[in-house]
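Quick note on the working numbering: the sequence shown kicks off at 2 and runs consecutively. Written out below as structure tokens is the structure these notes cover.
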Amino acid sequence: MTKYIFTTGGVLSSVGKGTVTASVGKILQVRGFSVSAVKIDPYLNCDAGTMNPYQHGEVYVTEDGGEMDLDLGTYERFLDINLSRENNITTGQIYLTVIERERKGEYLGQCVQIIPHITTEIKRRIKEAAKRAGVEILLVEVGGTVGDIEGLPFLEAIRQMRLEEGYMNTLFIHVALVPYLEATGEYKTKPVQHSVQELRRIGIQPDIIVARAREAISGEPRRKIALFGSVDDRAVFFSPNVESIYQLPLVLDEQGLGDFICERLGLPKRKPDWSSWEAIANSMTKGDQVVRIAMCGKYAKLADSYLSVNEALKHAAAYCGAKVEISWLETEKFEQDPSSLKKLLEYDGVLVPGGFGSRGAEGKIMAIEFARKNDIPFLGICFGFQLAIVEFARNVVGLEKANSTEVDPDTPHPVVDLLPEQRGISELGGTMRLGAEPVLVMPNTLAHTLYGREVIYERHRHRYEVSPEYREAIESKGMVFSGLCVRGVRAEILELPDRYFFFATQYHPEFKSRPGKPDPAFYGFIKAALCKKAGKPKPDFSDPPRDYAAAYTAFGRRVQKR
Ligand code: GLN
Numbered sequence: 002m003t004k005y006i007f008t009t010g011g012v013l014s015s016v017g018k019g020t021v022t023a024s025v026g027k028i029l030q031v032r033g034f035s036v037s038a039v040k041i042d043p044y045l046n047c048d049a050g051t052m053n054p055y056q057h058g059e060v061y062v063t064e065d066g067g068e069m070d071l072d073l074g075t076y077e078r079f080l081d082i083n084l085s086r087e088n089n090i091t092t093g094q095i096y097l098t099v100i101e102r103e104r105k106g107e108y109l110g111q112c113v114q115i116i117p118h119i120t121t122e123i124k125r126r127i128k129e130a131a132k133r134a135g136v137e138i139l140l141v142e143v144g145g146t147v148g149d150i151e152g153l154p155f156l157e158a159i160r161q162m163r164l165e166e167g168y169m170n171t172l173f174i175h176v177a178l179v180p181y182l183e184a185t186g187e188y189k190t191k192p193v194q195h196s197v198q199e200l201r202r203i204g205i206q207p208d209i210i211v212a213r214a215r216e217a218i219s220g221e222p223r224r225k226i227a228l229f230g231s232v233d234d235r236a237v238f239f240s241p242n243v244e245s246i247y248q249l250p251l252v253l254d255e256q257g258l259g260d261f262i263c264e265r266l267g268l269p270k271r272k273p274d275w276s277s278w279e280a281i282a283n284s285m286t287k288g289d290q291v292v293r294i295a296m297c298g299k300y301a302k303l304a305d306s307y308l309s310v311n312e313a314l315k316h317a318a319a320y321c322g323a324k325v326e327i328s329w330l331e332t333e334k335f336e337q338d339p340s341s342l343k344k345l346l347e348y349d350g351v352l353v354p355g356g357f358g359s360r361g362a363e364g365k366i367m368a369i370e371f372a373r374k375n376d377i378p379f380l381g382i383c384f385g386f387q388l389a390i391v392e393f394a395r396n397v398v399g400l401e402k403a404n405s406t407e408v409d410p411d412t413p414h415p416v417v418d419l420l421p422e423q424r425g426i427s428e429l430g431g432t433m434r435l436g437a438e439p440v441l442v443m444p445n446t447l448a449h450t451l452y453g454r455e456v457i458y459e460r461h462r463h464r465y466e467v468s469p470e471y472r473e474a475i476e477s478k479g480m481v482f483s484g485l486c487v488r489g490v491r492a493e494i495l496e497l498p499d500r501y502f503f504f505a506t507q508y509h510p511e512f513k514s515r516p517g518k519p520d521p522a523f524y525g526f527i528k529a530a531l532c533k534k535a536g537k538p539k540p541d542f543s544d545p546p547r548d549y550a551a552a553y554t555a556f557g558r559r560v561q562k563r
């Protein structure tokens with residue numbers, strides 16, 4: 002039987018609920034308990050796939066092709082597990098199911114209502130996720146902030162679950178901000194008190210309060226949170242600022258969180274084994290060298306829009322004993338002022354990540370050209386891969402107006418074109434080529450050195466591809482397609498052997514990178530950037546990570562339902 006730990010958030014969003022939830026999972030995992038996690042998003046979208054990453058953060062792709070909230074990435078990275086599309090529940094999915102059922106006549110005679118029909122469907126999905134995962138503990142994070150209208154049916158559902166599953170099988174953690182007032186130099190607990198009251202009004206009394214504050218605070222503020230939050234003094238924990246988020250599980254467990262949870266849920270008290278996680282968390286902060294990476298894109302304003310890429314860079318840097326400094330460069334600026342490309346010379350590596358649409362695309366192509374000509378280590382991902390093809394086709398193959406049809410539908414040389422199966426698709430939700438697919442790695446290539454295997458399973462999210470008709474012309478000029486799909490037509494990896502490091506992938510390697518287990522493409526990029534910076538010859542990549550999360554989890558893939 003699964004026990005449930007529900008996390009809610011108070012005061013405002015972005016208090017790190019996802020990281021706290023993932024940390025709680027880690028705390029239980031190092032005690033030998035099996036855990037999985039579910040994220041609830043109270044928006045009406047069926048999934049995150051159609052949302053703007055600039056407003057909502059990146060779209061995280063799961064093994065089975067779910068386009069999910071970025072918290073799923075945090076869970077996968079902390080817990081080193083693969084989650085499925087069913088681990089992200091949204092209001093849109095719930096209503097769609099209930100309304101479809103109503104249309105089929107399955108509720109014949111009944112008035113279909115939020116309570117009980119919507120709440121029952123919410124509970125069904127949570128319990129179903131627990132059953133499928135077959136774990137001892139399921140973490141369920143309720144997105145949004147307590148008090149939001151959208152969140153109410155979910156809070157009502159988890160309130161009922163306390164009654165149905167029993168006190169010893171359910172636990173509520175409330176994560177809320179404790180602001181610091183500069184003027185008076187004190188921490189203010191009133192917002193936390195109010196958000197707990199709001200939670201109680203709906204019928205949920207938290208068992209644990211995690212206060213998000215600049216530092217771990219003791220004394221009066223803690224006493225007040227406990228007293229007015231109606232929890233034991235021992236049930237108040239602090240989530241302070243940490244240098245690396247991977248330290249948070251350790252920081253929380255030092256305060257006694259793990260033992261408190263076990264006691265409260267009647268779980269056997271076990272000594273945690275932190276050895277390997279501690280080493281990983283420490284490696285994230287200890288690097289003595291610095292590697293500077295220029296990320297060239299258009300969603301440059303919000304760091305969360307490329308969260309997994311940022312994390313993958315950090316994992317790879319830590320593996321190489323370094324720290325990474327990431328700068329965001331808006332590629333539209335390169336278009337307006339090409340002389341600003343010179344700025345790229347200040348960096349050890351240039352990364353062009355995934356993206357969509359024509360805005361800023363020319364600037365990305367300019368950045369790729371600059372990196373290639375100046376031999377700055379380059380990593381291209383998805384759109385970055387496609388635009389590297391466009392750049393090479395134009396400037397090396399001599400197809401002057403070559404382009405992707407996504408950027409210029411009338412290009413005379415569509416070197417990147419719509420995937421054949423995409424033609425005729427008009428709906429935009431969940432219709433891309435999505436999820437893990439096998440990639441064949443060609444022998445005697447950099448890709449093979451880095452990955453060390455013939456087949457890898459990598460996650461995709463795209464509509465366009467390199468047109469097979471242009472492959473020969475491109476290859477004849479020295480570009481190597483070192484990764485192909487199983488049928489051999491679809492290009493998945495490209496490299497330029499005459500460059501110091503020029504590597505790009507059609508898939509998204511960032512989604513499989515985990516702390517302590519960096520993705521090999523990111524490892525290669527960072528290692529090359531470090532060696533180049535030190536003035537060393539091309540590295541032989543003799544110590545690539547062999548333990549990376551390459552495994553394929555099929556989850557009984559099924560056709561997506563919208
Ligand atoms: N826009 C490109 C495509 O749809 C690349 C997508 C991406 O970078 N995720 O194929």
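Think of the CB as a built atom: it goes at the ideal place given N, C-alpha and C, for glycine as much as any other residue.
* Spatial neighbours of residue 241 in its chain, beta-carbon cut-off 7 Å, leaving aside the 5 residues before and after -> The residue labelled residue 241 in the question sits at position 240 within the sequence shown. 214, 215, 216, 217 and 252, listed in sequence order.
* Which of helix, strand or coil DSSP assigns to residue 275 -> Stepping through the sequence shown from its first residue, residue 275 is reached at position 274. Note: residue 275 maps to coil in three-state DSSP.
* With residue 125 as the anchor, note down where its alpha helix (DSSP H) starts and where it stops. => Locating residue 125 in the sequence shown gives position 124, counting from the first residue. That run of the alpha helix (DSSP H) goes 120-134.
* Asked: Just to confirm, are residue 174 and residue 207 a CB contact at a threshold of 8 Å?
  -> Your numbering for residue 174 matches position 173 in the sequence shown. Your numbering for residue 207 matches position 206 in the sequence shown. In contact: residue 174 and residue 207 (Cβ atoms closer than 8 Å).
* To do: Pick helix, strand or coil for residue 26, following the three-state DSSP scheme.
  => Here residue 26 refers to the residue found at position 25 of the sequence shown. It is helical.
* Who are the near neighbours of residue 559 in its chain, counting only those whose CB is closer than 7 Å to its CB and skipping five residues on each side? -> Indexing the sequence shown from 1 puts residue 559 at position 558. In this prediction, residue 559 has a pLDDT of 42, which is less than 50 and means its spatial position is unreliable; what the coordinates show is noted afterwards. Nothing meets the Cβ criterion.
* Using the beta-carbon count (16 or more within 10 Å), is residue 320 buried or exposed? -> What you label residue 320 is simply residue 319 of the sequence shown in a count that begins at 1. Label assigned to residue 320: buried.
* Run through DSSP, which three-state label would residue 407 get? -> Start at 1 with the first residue of the sequence shown, and residue 407 comes out as number 406. Residue 407 falls in the coil class under three-state DSSP.
* To do: Could you pull the start and end residues of the beta strand (DSSP E) that residue 504 belongs to?
  => If you number the sequence shown from 1, residue 504 lands on position 503. 503-506 is the span of the beta strand (DSSP E), which, as asked, contains residue 504.
* To do: Answer yes or no: the CB of residue 357 versus the heavy atoms of the ligand GLN, is any distance below 7 Å?
  => Within the sequence shown, the letter at position 356 stands for residue 357. Yes, the beta carbon of residue 357 sits closer than 7 Å to at least one heavy atom of the ligand GLN.
* Asked: Is residue 499 buried or exposed, if buried means 16 or more other CB atoms sit within 10 Å of its CB?
  -> To locate residue 499, count along the sequence shown from 1; it is residue 498. It is exposed - the Cβ of residue 499 has fewer than 16 other Cβ atoms within 10 Å.
* To do: Tell me whether the beta-carbon of residue 144 lies closer than 8 Å to the beta-carbon of residue 42.
  => In the sequence shown, the residue the question calls residue 144 occupies position 143. In the sequence shown, the residue the question calls residue 42 occupies position 41. A contact, by the Cβ cut-off of 8 Å.
* Hey, would you say the C-beta of residue 464 is under 7 Å away from at least one heavy atom of the ligand NAD? -> The model on display carries the ligand GLN but not the ligand NAD.
* Asked: Is residue 504 near the ligand GLN, going by C-beta to nearest heavy atom under 7 Å?
  -> As a first step, residue 504 is located in the sequence shown; it is residue number 503 there, counting from the start. No; taking the cut-off as 7 Å, the Cβ of residue 504 has no heavy atom of the ligand GLN nearer than that.
* Asked: Pick from 534, 493 and 60: whose alpha carbon is nearest that of residue 469?
  -> On the sequence shown, position 468 is the one that residue 469 refers to. If we check each option's Cα against that of residue 469, 493 comes out closest.
* To do: Kindly identify the DSSP beta-bridge partner or partners of residue 439.
  => Position 438 of the sequence shown, counted from the start, is the residue given in the question as residue 439. Paired residue(s): 458.
* Alpha carbon to alpha carbon, how far is residue 486 from residue 521? -> As a working note, residue 486 is residue 485 in the sequence shown. As a working note, residue 521 is residue 520 in the sequence shown. A straight line joining the alpha-carbon of residue 486 with that of residue 521 spans about 18 Å.
* To do: Out of 257, 279, 375 and 399, point me to the one whose CA is closest to residue 516's CA.
  => Here the question's residue 516 lines up with position 515 in the sequence shown. Checking every option, the nearest Cα to that of residue 516 belongs to 279.
* To do: Taking residue 155 as part of the alpha helix (DSSP H), name the residues at either end of that continuous run.
  => In the sequence shown, the residue the question calls residue 155 occupies position 154. Note, residue 155: alpha helix (DSSP H), 153-166.
* Asked: Around the Cβ of residue 374, are there at least 16 other Cβ atoms within 10 angstroms (buried) or fewer (exposed)?
  -> Along the sequence shown, read from residue 1 onward, the residue named residue 374 stands at position 373. Residue 374 is exposed by the Cβ-count criterion.
* To do: Please go through the same chain and pick out, in chain order, the residues whose beta-carbon is closer than 6 Å to the beta-carbon of residue 511, but skip the five residues on each side of it.
  => Indexing the sequence shown from 1 puts residue 511 at position 510. Within the same chain, residue 511 has close Cβ partners 309, 310 and 313.
* Asked: Per DSSP, what kind of secondary structure is residue 320 in: helix, strand or coil?
  -> As a position in the sequence shown, residue 320 is number 319, starting the count at 1. In this structure, residue 320 counts as helix in the three-state DSSP scheme.
* 7 Å Cβ shell around residue 337 - same chain, five flanking residues per side excluded -> Locating residue 337 in the sequence shown gives position 336, where the first residue counts as 1. Correct list: empty, nothing qualifies.
* **Bounding residues of the alpha helix (DSSP H) (the contiguous stretch that carries residue 98)** => Along the sequence shown, read from residue 1 onward, the residue named residue 98 stands at position 97. Element bounds for residue 98: 92-105.
* Nearest to residue 45 by CA position, among 36, 94 and 16, is which residue? -> Here residue 45 refers to the residue found at position 44 when the sequence shown is read from its first residue. With distances taken between Cα atoms, residue 45 lies closest to 94.
* Would you identify the three-state DSSP class for residue 495, choosing helix, strand or coil? => Reading the sequence shown from its first residue, position 494 is the one you call residue 495. It is a strand residue.
* Please confirm whether any heavy atom of the ligand GLN lies closer than 7 Å to the CB of residue 238. => Position 237 of the sequence shown, counted from the first residue, corresponds to residue 238. Outside the cutoff, so no.
* Beta-carbon gap between residue 380 and residue 352 smaller than 8 Å -> The residue you call residue 380 lines up with position 379 of the sequence shown. The residue you call residue 352 lines up with position 351 of the sequence shown. Contact: yes.
* Would you say residue 297 touches the ligand GLN, meaning its beta carbon is less than 7 Å from a heavy atom? -> For the purposes of this step, residue 297 is taken as residue 296 along the sequence shown, with counting starting at 1. No, since every heavy atom of the ligand GLN falls outside the 7 Å radius drawn around the Cβ of residue 297.
* Uninterrupted beta strand (DSSP E) stretches inside the segment 341-429 (no shorter than 3 residues) -> Here the runs fully enclosed are 350-353, 379-382 and 415-419.
* For residue 514, name the three-state secondary structure that DSSP assigns. => Sequence index remark: in the sequence shown, residue 514 carries index 513 (1-based). If DSSP states are grouped into helix, strand and coil, residue 514 belongs with coil.
* Asked: Nearest to residue 140 by CA position, among 112, 75, 281 and 226, is which residue?
  -> Here residue 140 refers to the residue found at position 139 when the sequence shown is read from its first residue. Among 112, 75, 281 and 226, the Cα nearest to that of residue 140 is on 75.
* Asked: So, using beta-carbon positions, are residue 259 and residue 29 closer together than 8 Å?
  -> Here residue 259 is taken as the residue at index 258 of the sequence shown, counted from 1. Here residue 29 is taken as the residue at index 28 of the sequence shown, counted from 1. Yes; because the gap between Cβ atoms is below 8 Å, this pair is in contact.
* Asked: Given a threshold of 16 other Cβ atoms within 10 Å of its Cβ, counted over all protein chains shown, does residue 562 qualify as buried or as exposed?
  -> Translated into positions along the sequence shown, residue 562 becomes position 561. At residue 562 the pLDDT is 33, less than 50, meaning the model places this residue with poor confidence; the figure from the coordinates comes in the next sentence. Its Cβ having fewer than 16 others within 10 Å, residue 562 is exposed.
* Asked: Using a Cβ-Cβ cut-off of 7 Å (strictly less than) and excluding sequence neighbours within five positions of residue 98, which residues of its own chain qualify?
  -> Working through the sequence shown from its first residue, we reach residue 98 at position 97. Result list for residue 98: 122, in chain order.
* Asked: If you check the beta carbons only, do residue 249 and residue 203 fall under 8 Å apart?
  -> The residue labelled residue 249 in the question sits at position 248 within the sequence shown. The residue labelled residue 203 in the question sits at position 202 within the sequence shown. Against a cut-off of 8 Å, the Cβ pair of residue 203 and residue 249 comes out as no contact.
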